[in-house]
Structures are given as C-alpha cells and as structure tokens.
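Enquirer: Residue numbers (the working numbering), protein chains in the order written: chain A, 1 to 228; chain B, 229 to 456. Even glycine gets a Cβ: it sits at the ideal position worked out from N, Cα and C. Since we're looking at a predicted model, the values are computed, not measured.
There are 2 protein chains.
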Amino acid sequence: MNVANDAREAVVLLSGGLDSATVLAIALSEGYRCHALSFDYGQRHDAELKAAGRIAVELGAVEHKLIRIGLDEIGGSALTDTNIAVPETPTAGIPVTYVPARNTVFLALALGWAEVLDAADIFIGVNAVDYSGYPDCRPAFIEAFQNLANLATRAGAEGKPLHVHTPLIHLSKAEIIRRGTALGVDYSRTVSCYAADGEGRACGKCDACRLRRQGFQDAGIADPTRYR
Amino acid sequence: MNVANDAREAVVLLSGGLDSATVLAIALSEGYRCHALSFDYGQRHDAELKAAGRIAVELGAVEHKLIRIGLDEIGGSALTDTNIAVPETPTAGIPVTYVPARNTVFLALALGWAEVLDAADIFIGVNAVDYSGYPDCRPAFIEAFQNLANLATRAGAEGKPLHVHTPLIHLSKAEIIRRGTALGVDYSRTVSCYAADGEGRACGKCDACRLRRQGFQDAGIADPTRYR
Numbered sequence: 001m002n003v004a005n006d007a008r009e010a011v012v013l014l015s016g017g018l019d020s021a022t023v024l025a026i027a028l029s030e031g032y033r034c035h036a037l038s039f040d041y042g043q044r045h046d047a048e049l050k051a052a053g054r055i056a057v058e059l060g061a062v063e064h065k066l067i068r069i070g071l072d073e074i075g076g077s078a079l080t081d082t083n084i085a086v087p088e089t090p091t092a093g094i095p096v097t098y099v100p101a102r103n104t105v106f107l108a109l110a111l112g113w114a115e116v117l118d119a120a121d122i123f124i125g126v127n128a129v130d131y132s133g134y135p136d137c138r139p140a141f142i143e144a145f146q147n148l149a150n151l152a153t154r155a156g157a158e159g160k161p162l163h164v165h166t167p168l169i170h171l172s173k174a175e176i177i178r179r180g181t182a183l184g185v186d187y188s189r190t191v192s193c194y195a196a197d198g199e200g201r202a203c204g205k206c207d208a209c210r211l212r213r214q215g216f217q218d219a220g221i222a223d224p225t226r227y228r
Numbered sequence: 229m230n231v232a233n234d235a236r237e238a239v240v241l242l243s244g245g246l247d248s249a250t251v252l253a254i255a256l257s258e259g260y261r262c263h264a265l266s267f268d269y270g271q272r273h274d275a276e277l278k279a280a281g282r283i284a285v286e287l288g289a290v291e292h293k294l295i296r297i298g299l300d301e302i303g304g305s306a307l308t309d310t311n312i313a314v315p316e317t318p319t320a321g322i323p324v325t326y327v328p329a330r331n332t333v334f335l336a337l338a339l340g341w342a343e344v345l346d347a348a349d350i351f352i353g354v355n356a357v358d359y360s361g362y363p364d365c366r367p368a369f370i371e372a373f374q375n376l377a378n379l380a381t382r383a384g385a386e387g388k389p390l391h392v393h394t395p396l397i398h399l400s401k402a403e404i405i406r407r408g409t410a411l412g413v414d415y416s417r418t419v420s421c422y423a424a425d426g427e428g429r430a431c432g433k434c435d436a437c438r439l440r441r442q443g444f445q446d447a448g449i450a451d452p453t454r455y456r
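1. Given this structure, state the Cα-to-Cα distance separating Glu475 (chain B) from Ala202 (chain A), to the nearest angstrom.
2. Taking the CB atoms as reference points, tell me whether Ala52 (chain A) and Leu109 (chain A) lie closer together than 8 angstroms.
3. Along the chain, where does the alpha helix (DSSP H) containing Arg330 (chain B) start, and where does it finish?
4. Please list the partners that Lys293 (chain B) has in chain A, where partner means a Cβ-to-Cβ separation under 7 angstroms.
5. Taking Cβ-Cβ distances shorter than 7 angstroms, what residues in chain C pair up with Phe351 (chain B)?
6. Taking 8 angstroms as the CB-CB limit, is Ile405 (chain B) close to chain A?
7. Opposite His35 (chain A) in the DSSP bridges: which residues?
8. For the beta strand (DSSP E) that Val392 (chain B) lies in, which residues bound it at each end?
9. Quick one, which of A:Arg212, A:Leu148, A:Val164 and A:Glu143 has its alpha-carbon nearest Ile177 (chain A)'s?
10. Beta-carbon within less than 8 angstroms of Leu253 (chain A)'s beta-carbon, same chain only, minus the 5 sequence neighbours each way: which residues are those?
11. Near Gly448 (chain B), which residues of its chain fall below 7 angstroms by C-beta distance, leaving aside the five closest residues on each side in sequence?
12. Shortest alpha-carbon distance to Ile295 (chain B) belongs to which of B:Ala235, B:Phe334, B:Tyr260 and B:Leu345?
13. Return helix, strand or coil for Tyr227 (chain A), following the three-state DSSP convention.
14. Roughly how many whole angstroms lie between the Cα atoms of Lys433 (chain B) and Asp346 (chain B)?
15. For Glu48 (chain A) and chain B, any beta-carbon pair shorter than 8 angstroms?
16. Under 8 angstroms Cβ-Cβ, which residues of chain B neighbour Ile69 (chain A)?
17. Using a cut-off of 9 angstroms between C-beta atoms, extract the partners of Asn147 (chain A) located in chain B.
18. Could you pull the start and end residues of the beta strand (DSSP E) that Asp19 (chain A) belongs to?
19. With DSSP as the reference, identify every bridge partner of Ile350 (chain B), one or two as the case may be.
20. How many angstroms separate the CA atom of Gln445 (chain B) from the CA atom of Asp364 (chain B)?
21. Check whether chain B comes within 8 angstroms of Phe216 (chain A), counting only Cβ atoms and requiring the distance to be less than that.
22. Can you name the residues of chain A whose CB is closer than 8 angstroms to the CB of Asp364 (chain B)?
23. Mind listing the chain A neighbours of Thr453 (chain B)? Cutoff is C-beta to C-beta under 7 angstroms, in chain order.
24. If we call anything under 8 angstroms between Cβ atoms a contact, is Ala47 (chain A) one with Val191 (chain A)?
25. So, with DSSP's three-state summary, where would you put Arg201 (chain A)?
26. Excluding the 5 residues flanking Pro224 (chain A) on each side, which residues of the same chain have their C-beta closer than 7 angstroms to its C-beta?
27. Relative to the C-alpha of Thr394 (chain B), which candidate in B:Leu246, B:Ala356 and B:Ala423 has its C-alpha closest?
28. If distances are taken between C-alpha atoms only, which option among B:Gln442, B:Val413 and B:Gly443 comes closest to Ser248 (chain B)?
29. Do we get a CB-CB distance below 8 angstroms when we pair Val251 (chain B) with the residues of chain A?
30. Show which residues of chain A have a CB atom less than 7 angstroms away from the CB atom of Gly384 (chain B).
31. Where does Gly198 (chain A) land, buried or exposed, given buried means 16+ other C-beta within 10 angstroms?
32. Out of B:Tyr260, B:Ala235, B:Asn331 and B:Glu258, point me to the one whose CA is closest to Ser266 (chain B)'s CA.
33. Have a look at B:Ile302, B:Ile297 and B:Ala342 and flag the residue whose alpha-carbon is nearest the alpha-carbon of Arg236 (chain B).
34. For Thr166 (chain A) and chain B, any beta-carbon pair shorter than 8 angstroms?
35. Would DSSP call Ile297 (chain B) helix, strand or coil?
36. Anyone know if the C-beta pair for Val116 (chain A) and Ile302 (chain B) falls short of 8 angstroms?
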C-alpha cells in the first residue's frame, strides 16, 4: 500500500478505536508512510491498546510505538481515576470521561516523534460533530496547536512547517464508518468502549458505545462490534 | 511562607536545576500555593530529579509530583539517547541536548494537572537570554501555548483563563542567581549539569555547567556547585 521511495513520513495517533483506525486507513490511502503512535496513560480500557497494535499491523503502518505517560498520576477523569464511575446515561456539558489536556499531551508527543523522524505531517482523529463535548476536539484547538508546533520545534524554527491533519473533523460518525468501510477497515478489530472487558468486548451502554452503535445504524452498515 | 486561605493554586514545573528552583521561590514569594511537577523522561541526569524532590520540600511547595513519560522511546536527544554524546565544547545552532517538543509536553501535562487542581496559573523557568538555542524557550512559544491552553481545556471553555508565568524569560543567568539568592534559594541543592554523577556532582564542562558557572561569576556570588 505504501509508495516506497517518494512517500512522505507521517505520525498517526492510533488509539485502537473506530475513528483513529479510519484515520490510519485514510493517511495510508494518501500515500504516507505511517508511524502509528499509541499511549498507555492508565486508561481503564487497555483492550484498546491491544486493538491498536493489531490494527497498525493489519492496515500497514511501518511501525507502531507505545509511549507510557503517567496521566493517572493527575487523575480527574473517569477514564483514568477508578474513583469516578463511567456514566451509562447521557450527561450535559463536558463529560467526566474527559481526560484533562489529553489531546494537547498526545499531540505534543506526536510532535516530538515527528521531529525525530523528520516528518512534517501528523494525523489525528478528532471530530467536532460527534465530539462528546471535549474542548480539545474543536477546529480552533487544532489550529492553535499547529501554530504552537511551528514555534516549538527545530523544524519549525528552520522554516519547515508542520501540518496537523484532521480528516474526520467535520464528518458524522456514519460518514466516518462509510469512509473506513470503503477503505477496507475491519471495524470488528477496533475497540471504542470506555468500559471494554479484557477481550475487548463492549458494554453497549457508555457514550462511546452509543455514538458508535448509532453511527452504524445511520450508515446502514451492520454493526460488527463484539458486545458482551 | 504560604498565605493559607486566600492563596491561589499554581503548578510549578521543577526540574531540580537552578532556574526552576528560582521560579518556585518566586511563585511562593508571590503567595501562590505551589504544586511542584517534575518529569522522569529517561534523562541521563536523574540526580536532577532527586534535587527536585528536596528543593520542593525545602522551599515549601504543598506537594511534589513526578510523572513518568517515555520520551526515551522517541530518542533524538543527547539527554535521552545514550547513542548521542553530550558535547563538551560549545556548538552552533540548536544543540544535540535539545529534547524534541520537551516544553510542549511538559506544559501540556502541567495544564492537565492545573485543570484537575482548578489552578489558573502555571510557572515555568524558560529563559530567552541564556536559552542555549532551544526553540521552545522563546516568548512567542509561551504565548502560543497560553492561547492553546485556553482552547484546550474545560476551564478555558468555561471562560476561566489560564496564565503561563515565565518570571525568568528576560533575565540573564546572573540576574536569576541574584534574584534567587535574595529569596533564600540554596543553589548547592540544585543540579544543572547534563552529565551529573549519581551524587549530583557536576562535570563543569557541558553547556549547562558553563552557563551556570559564568552566571555566578557575573553575579559576583561564590559558586556553590559541587563539581566532581
């Protein structure tokens, strides 16, 4: 799938969920040599990380790196703090599953790796439509990060601009699913659930499960998710 | 030193070096309740981390947190990659001790903790005068980060602005040393050397040692650094 010689290098943030798997497929379809990056940040759903590893291999990333970050030291989210319950009904405003500064931290590390690889492209699967109320999924946030990146780095200082790609940002969940399906993504291999079990089977009740299930329904595509 | 009731909370990045110890003393002198934050990122000089712990206690931070980040996974710097030698003579341009995206990552994590603490203030000891050529020590970088922070977070989204304080940014090393000395910082407790030994004794040869030694000389203050 990769164009061997004239391909550009890209860092692709890969959580193991539906969105980031689609992003990886899109970046590969555009001819990038993709370096997939995942984070172990004390999230409850480490079944997602196992999914990230197999998706990276199956879709054709050139490598997959897993970086440990002690976000659990900070707490403040139902995804990293076992004292906060994952809600099973929709909540108004920014949800308790919001991880403080998560996308800022993830993009910062992607930026560091991009600099080492001499890559000028980072892909991230943020989405401003079905975005669950996270502030760090909005287009203005991404623009501010790109601006920061070009001031933060050796490459930026030397006049080589970095580009943060957000191919899903204006797509509905159904559109994401249609796009990925057309590119051959096997969504049964992805894990989106905030409370997946050790086998990666979804609860079917959390925000992430609800959005995903509705997405397949709206796309008119059979939901391959493994529920427990 | 802290004003118990009406004090504001601040996150203070504390490496264990001369600059960040001075920043902590300044933040405390301004009445902040200081939450000191250090990172274990595979740096060679972990004597600095031990120094950070004792400085936090001795100066009067309310707590000290150490977050592990796998920056060594990324490589690309003499400070985290044992295949790259720390230079003993000055080099032109951005030095090999530059850690890719380091301050972006550190500020992102400080932002996450600030959000959990409901703190609107972050202190960082970047310096644009004796800055060793790191792009992420410039005022434009800090301004861009502050802009990002206010788009990235729940607090920013709810209209509570975050402020990144850089009290050293326009000070020479000698001015920093005079300021900290006036505030009672014991610099013999700090470690700046890129190649400190297990006891925290400095090499006296690397960029960091040269800048520090020159600073004490320019300030007309006896250098208390423990050299090996």
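Expert: With the structure as the only source:
1. Absent from the model: residue 475 (chain B). The displayed extent of chain B is 229 to 456, so no value can be given.
2. No, they are not a contact pair.
3. For Arg330 (chain B), the enclosing alpha helix (DSSP H) stretches over residues Arg330 to Leu345.
4. Within chain A, the residues near Lys293 (chain B) are Glu73.
5. Here chain C cannot be found, since the structure's protein chains are A and B.
6. Cβ-Cβ to chain A under 8 angstroms: no for Ile405 (chain B).
7. Residue pairing by DSSP puts His35 (chain A) in a beta bridge opposite A:Val11 and A:Glu63.
8. In the DSSP assignment, Val392 (chain B) falls within the unbroken beta strand (DSSP E) covering His391 to His393.
9. The residue with the shortest Cα to Cα distance from Ile177 (chain A) is A:Arg212.
10. Nothing in the structure corresponds to residue 253 (chain A), since chain A is present only between 1 and 228.
11. When the five nearest sequence neighbours on each side are left out, no beta carbon in the same chain lies closer than 7 angstroms to the beta carbon of Gly448 (chain B).
12. Each of B:Ala235, B:Phe334, B:Tyr260 and B:Leu345 was checked against the Cα of Ile295 (chain B), and the nearest Cα belongs to B:Phe334.
13. Collapsing the DSSP output to three states places Tyr227 (chain A) in a strand.
14. Distance from the CA of Lys433 (chain B) to the CA of Asp346 (chain B), rounded to the nearest whole angstrom, comes to 42 angstroms.
15. At a cut-off of 8 angstroms between beta carbons, Glu48 (chain A) makes no contact with chain B.
16. Within chain B, the residues near Ile69 (chain A) are Ile295, Arg296, Ile297, Gly298 and Leu337.
17. The contacting residues are Ala372, Asn375 and Leu376.
18. Boundaries around Asp19 (chain A) are those of the alpha helix (DSSP H), Leu18 to Ser29, since no beta strand (DSSP E) includes it.
19. Ile350 (chain B) pairs with B:Val239 and B:Val392.
20. Roughly 27 angstroms between the two C-alpha positions.
21. Under the Cβ criterion of 8 angstroms, Phe216 (chain A) is not counted among the residues facing chain B.
22. Near Asp364 (chain B) (Cβ distances below 8 angstroms), the residues of chain A are Leu151, Ala152 and Thr153.
23. By Cβ distance, chain A contributes nothing, its closest Cβ being about 29 angstroms from Thr453 (chain B), past 7 angstroms.
24. Yes, these two residues count as a Cβ contact at 8 angstroms.
25. Three-state DSSP puts Arg201 (chain A) in coil, outside helix and strand.
26. The residues are Tyr187 and Ser188.
27. Nearest option by C-alpha distance: B:Ala356.
28. Taking only the C-alpha atoms, the option nearest Ser248 (chain B) is B:Val413.
29. No, Val251 (chain B) lies away from the interface with chain A (no Cβ there is under 8 angstroms from its Cβ).
30. Chain A residues near Gly384 (chain B): Pro135.
31. Per the 10 Å Cβ criterion, exposed.
32. If we check each option's Cα against that of Ser266 (chain B), B:Asn331 comes out closest.
33. Ranking the options by Cα distance to Arg236 (chain B), first place goes to B:Ala342.
34. So no, Thr166 (chain A) is outside the interface.
35. Reduced to three states, the DSSP call for Ile297 (chain B) is strand.
36. The Cβ atoms of Val116 (chain A) and Ile302 (chain B) lie closer than 8 angstroms to each other.
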